[in-house]
Every structure is written in structure tokens, then in C-alpha cells.
Amino acid sequence: MDDFPYGSAGGDPSRRKFFLVSGWSSLGMLAAGSGAGFAKFFYPGVLYEPQTTFNAGKPGDYVAPTDPKSVVVDERFKKTQRVWIVRSFEGIYAMVAVCTHLGCTPNWFPGEQRFKCPCHGSNYNVEGEVVAGPAPLPLFRAKINITPDGSMIITTGLLGIRRAELQYIKHVAITSWTDQEKKEIKKKPFFISLKA
Amino acid sequence: MSKASPEHGGDRKPGVIGTVWKLVTNNFIFRTVFRTGFPDTMLKRMAVMRSSFLMHILPTKVGVHGLKLYYTWCMGGITFFLFLLLTLTGVLLMFYYIPEEHRAYNDMKDLLYMVPYGRILRNMHRWGAHAMVFTVILHMARVFYTGSYKTPRQFNWVVGVLLLTITLLLSFTGYLLPWDQLGFWAVTVGTNMAGATPFIGFEGPFSELLGAQIDNDIRFAMIGGTRIGANALIRAYVWHCVGLPLIASGLILFHFYRVRKDGFSGPL
Amino acid sequence: MLSNKPDYPRVPSWPYFIWIVFLSIILITIVVWGVSFIVDAPLEEEAAWAVTPNPAKAPWYFIGLQELLVYFDPWIAGVVLPTQILVGLMLIPYVDVSPHAQGRYGWKDRKFAVSFFSFGLFLWFALIAVGQWFRGPSWEFYWPYFDYPLGGNVWTYPGVPLKMTTAMLGNMPNWLGAISIIVFFIGGMTLPLLFMRVSDSFKLAAIFKDYFKKLGIIRYCIIQIHVLLMLGVVGKVLLRLTFGYKYIFTTPWFHI
Numbered sequence: 534m535d536d537f538p539y540g541s542a543g544g545d546p547s548r549r550k551f552f553l554v555s556g557w558s559s560l561g562m563l564a565a566g567s568g569a570g571f572a573k574f575f576y577p578g579v580l581y582e583p584q585t586t587f588n589a590g591k592p593g594d595y596v597a598p599t600d601p602k603s604v605v606v607d608e609r610f611k612k613t614q615r616v617w618i619v620r621s622f623e624g625i626y627a628m629v630a631v632c633t634h635l636g637c638t639p640n641w642f643p644g645e646q647r648f649k650c651p652c653h654g655s656n657y658n659v660e661g662e663v664v665a666g667p668a669p670l671p672l673f674r675a676k677i678n679i680t681p682d683g684s685m686i687i688t689t690g691l692l693g694i695r696r697a698e699l700q701y702i703k704h705v706a707i708t709s710w711t712d713q714e715k716k717e718i719k720k721k722p723f724f725i726s727l728k729a
Numbered sequence: 160m161s162k163a164s165p166e167h168g169g170d171r172k173p174g175v176i177g178t179v180w181k182l183v184t185n186n187f188i189f190r191t192v193f194r195t196g197f198p199d200t201m202l203k204r205m206a207v208m209r210s211s212f213l214m215h216i217l218p219t220k221v222g223v224h225g226l227k228l229y230y231t232w233c234m235g236g237i238t239f240f241l242f243l244l245l246t247l248t249g250v251l252l253m254f255y256y257i258p259e260e261h262r263a264y265n266d267m268k269d270l271l272y273m274v275p276y277g278r279i280l281r282n283m284h285r286w287g288a289h290a291m292v293f294t295v296i297l298h299m300a301r302v303f304y305t306g307s308y309k310t311p312r313q314f315n316w317v318v319g320v321l322l323l324t325i326t327l328l329l330s331f332t333g334y335l336l337p338w339d340q341l342g343f344w345a346v347t348v349g350t351n352m353a354g355a356t357p358f359i360g361f362e363g364p365f366s367e368l369l370g371a372q373i374d375n376d377i378r379f380a381m382i383g384g385t386r387i388g389a390n391a392l393i394r395a396y397v398w399h400c401v402g403l404p405l406i407a408s409g410l411i412l413f414h415f416y417r418v419r420k421d422g423f424s425g426p427l
Numbered sequence: 157m158l159s160n161k162p163d164y165p166r167v168p169s170w171p172y173f174i175w176i177v178f179l180s181i182i183l184i185t186i187v188v189w190g191v192s193f194i195v196d197a198p199l200e201e202e203a204a205w206a207v208t209p210n211p212a213k214a215p216w217y218f219i220g221l222q223e224l225l226v227y228f229d230p231w232i233a234g235v236v237l238p239t240q241i242l243v244g245l246m247l248i249p250y251v252d253v254s255p256h257a258q259g260r261y262g263w264k265d266r267k268f269a270v271s272f273f274s275f276g277l278f279l280w281f282a283l284i285a286v287g288q289w290f291r292g293p294s295w296e297f298y299w300p301y302f303d304y305p306l307g308g309n310v311w312t313y314p315g316v317p318l319k320m321t322t323a324m325l326g327n328m329p330n331w332l333g334a335i336s337i338i339v340f341f342i343g344g345m346t347l348p349l350l351f352m353r354v355s356d357s358f359k360l361a362a363i364f365k366d367y368f369k370k371l372g373i374i375r376y377c378i379i380q381i382h383v384l385l386m387l388g389v390v391g392k393v394l395l396r397l398t399f400g401y402k403y404i405f406t407t408p409w410f411h412i
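Just so you know, the sequences run in chain order A, B and C.
Be aware that the first sequence starts at 534, since it is given in our numbering, and climbs by one per residue.
Be aware that the second sequence starts at 160, since it is given in our numbering, and climbs by one per residue.
Be aware that the third sequence starts at 157, since it is given in our numbering, and climbs by one per residue.
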């Protein structure tokens, strides 16, 4: 501080030090605040994305399989909502057509009874469990609420599913359902039991 | 100032071209623009390199080893030229492109079929970008193999790596703009990888520690939504056309300044 | 440096340097223009949220990463490895501090540096080649020319049925995975140091000892970690291809 060239004659060193420290730290805080603000700027406050809830009609609208081992996958909502309505022998459930690896749209191959992702080759069985490829998690399932008149309200969209609906049974990074989870996904709201 | 240079006159009688050339160059106004005259003597050669705005980026004299093609491969310069070419074609493309979800792809089709020279502009922009990535890699390989990153050029190598990153980011953001299946899924996959970043990506390990969710993580900030949509398109557009080129220009200026100050690397 | 000395042979930039710049500009313009005139840039159908083209390929310079995604979880292949590649590149001038062999192609003085860098470059382009030419629908292995026409992003495979994944993947037992990782990294870090001790009997060991002395322990560690990481990536790829291991080591939070 002694060789500070300006006004060193009259100034009190401790006072000068105080101004230096407070000045630079204010500037530092300003910079940090601006940086945080700049980062915050990139998080939009409002989204104009498509609805994540839709009415999928009545369970009876979907064809049941004749063979207890296979399922019938209905693709009518795949294009608009990215959801497969899967009718198995015992019931109905909604599978989200988003690969858990990196978000591509898998395709359904009825002959092999598999969902296959074209991007990195993940294969899922009808339960959504990973049977091949790099996917870290089973396919997500959407929540189905039955209205009083008997139609299915499906909560889909990534936001609804990942954030609120499936988080609690999502076992971190296991490619097949655990026994606990299997019980969970065979119950409402992820599974509607029906007669064949 | 100098008279007309010997090549363009001398004792022989000038032809039509020579006369016109003389009229254009041998006057007061032309000499205010090109003040050195034709660099036909060593002195003028030095002067033109020092005083001209465009030439000043190059040294007045260069070591012969640095001019050898097998030494530099011309890759740094070619990369820079491609950058300029991409800027030019890119700005022209911007005149006919609207970064809007329902409009962008149609504009691509218009560029191909309706806009005069639109197809070749788009092709040049695309292939030029591919070429630039390749020349950047070759430039880096050359600099490595000749040991040119060694003292005193260490930091310029770091800047070079940053420029490589910027080049890749420019390609990545540009890939989404046509709004076709190719770019859409490449960018979907690419941004989902960002979503798998540890701690700050919602699908990454330890994401629950910071409470990263699909609508507050790093991926959300990148694409401005939970899925690739209109927000992602305009973001890619702004980064591609304004943000990243500005950063790249700044880094290129710094890169060239250092090269210019340090000269070509040479054997000890 | 020789090039800084006053008696070093120099030529004026005008016209010798300007000439090269001028010719390069013309040449590159002609090449880019010519290619653009003949080959159209790809443009597929309009983006559709619900339909992923099969296969969906990244541009060639990212295909190496896409290929790694088959073998590693996204946070490794997409975040950690690219970052580490860039950081490693930036570290090069700070670990290779010897001022020798500068301004010329010096293989003799820097055999290790050149081979390491070349191997990395080779790996990068090898991954690109595999991803670009040997991967087809559903990212399965296909043979170019035999299974499908080369080039282009529209895939036609008349009469060729889609391949089906038959490989069943399993995980390496955790104890074996942990041991392999520990042996690989600890061994990889210390073996060269042990090898150095026998420098009296091996010429190579003596060379290495000399090399290590110049480097110092910190630089040695940085270099060796990067060598091991690169070899580790190759190792995991080979383990997957030969034994079908999806993960070497699994934890509740992340897998390797």
C-alpha cells in the first residue's frame, strides 16, 4: 500500500484499504450477479408446448390380443402424443414412445414383440424392459385416470411423466423393473385391468 | 509519389488497356487509396505490407521454411477463408430464412426451388462447413506434428482448441436450422446428452442432489423448453448467426495477433 | 529459435506469401463451388416429433461420439469424454514442455508424443468410419455395398431384411469389475515406474527413466491418466464386442 501513487500523503492506510476491498468486492458481486442473471435469462418463464393430457377414449375401443403371451400395440396416439396404448391379455397401459437413452422415438415390431430404437439400437420388450442396447431405464409409463363416463385421461408429455408421475417408482438406472416396481406398474393408475 | 510502374508503360507505346490502366491508377485520387504504388521495389514491398490495412495482418518478411507447403499445409489460412466464405453465404441465406417452427422447412424448399442461386448458396454453406471442420482438424494435427504449440505459443494452442470447440458448436447449431428430420434428431440426441450431465442434467447421475428436473436443468436452458420446438429453433438461430460467430471472431483475432507476434514456428 | 535470428533466410511477403494466399483462396473457392454444383446438401422430410428416421445419423464429425454412445452411458460418452478430450488437448503444451523438435516434423525426438496423438486421431476417425459406413438401421452392424448402398442418408434395402439384435448383454460381476478397474488404473500408473527401476538391464527402461526425470511426477500423472483413459475406452469397446458386457461396474447412481 505504501507505494500507492495517488494521494498517499493525506490518506489513512486502513481507510484506503477499506475502500479498495469494498470497491472490488462490490464490483465482484456485481459481476457474479450479472452472471447469474445472464444464466437465469436462458430459462424461459412460460412455455407454449402442446398439452400433456389427453383423452384416449374408452378401454373397450382397443383390440385385445387373442394369444395370452402377445400384446396389441395401438399407435393412433403415437404421432400426436407420442404414446402407445398397449392392450395385453390382462389389461391396458400407456407406454411413452420416448427412448430412455437419448429421446428418439422407438418403433414397434409386432412380429418380434419388441420396441426398437433406431438411434442407438436399444430394444425393449412389451413391458418396456431393456433387452438390448444402451438404454439405461425401462420405457416410461403414462398415468391413466378413468373419468366417471369410463374414458381414459392419459397424462403424457415428458414433463408430466418424469417430474411427477413416475419419479417415485423410477429405480435409478436399472434396465428392467424390480419386483417392487412390477407390482407398482400392474396397479392403477399405470395399469387398467380388463378381461381378455 | 511514384510514376506509373515500368510494367505498365516504359518506353513502349501503351495499348488500350494500358492507357485505361494508366488513367485509373495514375491520378491523385487513386493514390490516396493505394498510397504505396505497385510494390516493385523492396522498399515498396515492405511499405505495402506495413501500411495496407488488409496486408498488415501478414508480416513484411517471412522465413522461407514457413512458406513451404509441406510445412503449413496452408490449413490455418484455408480455415479462416472458409470462415469468411461461410459468413458470406450465411448472411445471404439469412435473407430468405425465417427461424419459425412452421416456416423454416418451407423456406428450405423455397431456397432449393424458388430463390435465385439459393440451392448453390445452401450447398456451399453446408459443404463449406463440413470442409471447415476437416481443415480445423488438419490444422491442429499439423501444429502438433511440427511441435508448434511449444514455448512461446502454448496459450495460442489453447485458443486454437477453443476455436475447434466453437467450430463444432457452430456446426451443431446450424444443423437444426433446416428443421428437417436429419437435424432435428441429431440435435435431439445431442441436447439429451447435455441432459445427462452429472449434477446439472435431469437424467444425469446425482441430478437429485441439486433437484435437477426436466424444466430447470442445463438442457432446459439450452433448448428453452422440455422438447425441441420453436424456442430451440430460435436459440440455435441466434447462437449460430450472432453469438458464436462473434465469439469466434474475437478468438480468431487473438489467435492471429499471437501468430503475427510470434511468427512461424521454426527449428531451434 | 533459428527463425528469430537475423541471418535466417527470409523473403518479402509480397509477392511470395501473398501469392500463396491468393492461390489458396481461388483453389478453395473453386473446390467448394464445384462440389456444391455437383452434390446437393442433404435435406430430409420435415421434422416430425413422433417419427425417428432409421438410422438417425449425426453429421460425420459427431459420429465418433454417436458410436461411443453404444458402449457408454450418455453422461460418459456425451459429456465426460468430449470434455476430457478438449481438456486433454489444451493440456498438451503444458505437459510437453521440452522446447526441442519445434518447427519441423520431429518423429525421432518425440516418438511417444507423436504416437499417442496419432493413436487418438486414428481412434477418432476409426469410430467415424465405423459409424458412417458400417452401421445401418437400428444402429446394427451392416456391410457397405453388400447390405446397402454407400452414402446418402436415405436408406434403401430392397430384399434385405432388417437385422435383429441377438446379442444378450450382461454386466460384469461387480467384484470383477472393481478389481479390473483398480488393477488397470493403479497398475497403469505404477507399472511404468516399476519398470524404470530395472533401467540397468533394459535399454528401453533407461530411456523411460530419462524421460520421466524430465517430466516430473505431476506431468507424468496427467499424461498417464490420459493414456489410460484412452486405452480404457478401447478396452471397454473390446469387452463389449467380445464378452457382451454392458457395464463393467454398476452402482445405484451410475454405471461404467
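All residues carry an ideal CB built from backbone N, CA and C; glycine is no exception.
- prompt: Can at least three beta-carbon pairs, one atom from the segment 220-239 of chain C and one from the segment 309-317 of chain B, be found at a separation below 8 Å?
  reply: no
- request: Please confirm if P592/A has its CB atom under 8 Å from at least one CB of chain C.
  value: Not a single C-beta of chain C is nearer than 8 Å to the C-beta of P592/A.
- prompt: R285/B CB to nearest chain A CB: under 8 Å?
  reply: no
field: Extent of the continuous beta strand (DSSP E) to which W617/A belongs
entry: Residues V616 to R620.
- request: Report the neighbours of A630/A on chain C: residues whose CB is nearer than 8 Å to its CB, in chain order.
  value: A206
Which listed residue (P162/C, W280/C and A203/C) has its alpha carbon closest to that of L387/C: W280/C
- prompt: Thinking just about the alpha-carbon of each residue, which of A345/B, M205/B, A391/B and F415/B is nearest to the one in G319/B?
  reply: F415/B
query: How many whole angstroms separate the CB atoms of V188/C and G287/B, which I take to be in contact at a CB cut-off of 8 Å?
result: 5 Å
query: Which residue from I184/C, F364/C and I363/C puts its Cα closest to that of L244/B?
result: I184/C
- request: Take A203/C and list the residues in its own chain whose beta-carbon comes closer than 6 Å to its own, dropping the five residues that flank it on each side.
  value: Leaving aside the five residues that flank A203/C on each side, none in its chain has a CB nearer than 6 Å to its CB.
query: Are at least three pairs of beta-carbons, each pair with one atom in the segment 647-662 of chain A and one in the segment 551-567 of chain A, less than 8 Å apart?
result: no
message: Relative to the C-alpha of V663/A, which candidate in E608/A, S709/A, Y581/A and F574/A has its C-alpha closest?
response: S709/A
message: Along the segment 322-355 of chain B, where does the CB come closer than 7 Å to a CB of chain A? Name the residues.
response: Correct list: W344, T347, V348, N351 and M352.
field: Cutoff 8 Å; reference A290/B; Cβ partners in own chain excluding five residues on either side
entry: L241
- prompt: From this set, V631/A, D712/A, P598/A and F587/A, which residue's C-alpha is nearest A206/C's C-alpha?
  reply: Comparing Cα-Cα distances from A206/C to each of V631/A, D712/A, P598/A and F587/A, the minimum goes to V631/A.
query: Over what stretch of residues does the alpha helix (DSSP H) that includes M179/B continue unbroken?
result: The amino acid occupying residue 179/B in the given sequence is Val; Met does not appear at that position. Here the alpha helix (DSSP H) through V179/B covers V175 to T184.
- request: List the residues of chain E whose Cβ lies closer than 9 Å to the Cβ of L635/A, in chain order.
  value: Absent here is chain E; the protein component of the structure consists of chains A, B and C.
- request: Indicate the three-state DSSP secondary structure (helix, strand or coil) for G363/B in the structure shown.
  value: coil
- prompt: Is there at least one Cβ from chain C nearer than 8 Å to A565/A's Cβ?
  reply: Answer no: the Cβ-Cβ gap between A565/A and chain C never drops below 8 Å.
task: Report the partner residues of T688/A according to the DSSP bridge assignment.
output: T586/A and K676/A
message: Using a 10 Å radius around the Cβ and a threshold of 16 neighbouring Cβ atoms, would you call G308/C buried or exposed?
response: Bear in mind that the predicted position of G308/C carries a pLDDT of just 44, short of 50, making it unreliable; the figure below should be weighed with that in mind. That one is exposed.
Strand pairing of W641/A, partner residues [DSSP]: Looking at the DSSP assignment, W641/A forms a beta bridge with F648/A.
- prompt: In angstroms, rounded to a whole number, what distance separates the CA positions of W170/C and V243/C?
  reply: CA-to-CA, the gap between W170/C and V243/C works out to about 39 Å.
- prompt: From this set, M201/B, V192/B and V221/B, which residue's C-alpha is nearest S211/B's C-alpha?
  reply: V192/B
field: Counterpart residues of R166/C in DSSP-defined beta bridges
entry: G222/B
message: When you compare the CB of L199/C with every CB in chain A, is at least one pair closer than 8 Å?
response: With 8 Å as the cut-off, L199/C does not count as an interface residue toward chain A.
task: Would you please verify whether the beta carbon of F189/B is less than 8 Å from any beta carbon of chain C?
output: no
K612/A burial status per 10 Å Cβ neighbour count (16 or more: buried): exposed
query: Given that a residue counts as buried once 16 or more other Cβ atoms are within 10 Å of its Cβ, and exposed if not, what is N330/C?
result: exposed
- prompt: Does R204/B have its Cβ less than 8 Å from a Cβ in chain A?
  reply: No, R204/B does not count as interfacial toward chain A.
message: Buried or exposed for H261/B, going by 16 or more other Cβ atoms inside 10 Å?
response: A residue is called buried when at least 16 other Cβ atoms come within 10 angstroms of its Cβ; H261/B does not meet this threshold and is exposed.
- prompt: Taking 8 Å as the CB-CB limit, is G409/B close to chain A?
  reply: Look at G409/B: its C-beta is not under 8 Å from any C-beta on chain A.
task: Go ahead and pull the three-state DSSP assignment for M628/A.
output: Here M628/A sits in strand by DSSP.
message: If you reduce the DSSP assignment to three classes, tell me which class R291/C lands in.
response: strand
query: Alpha carbon to alpha carbon, how far is K602/A from E714/A?
result: K602/A and E714/A: Cα-Cα distance of roughly 21 Å.
task: Mind listing the chain A neighbours of R278/B? Cutoff is C-beta to C-beta under 9 Å, in chain order.
output: Chain A residues near R278/B: none, gap ~29 Å exceeds 9 Å.
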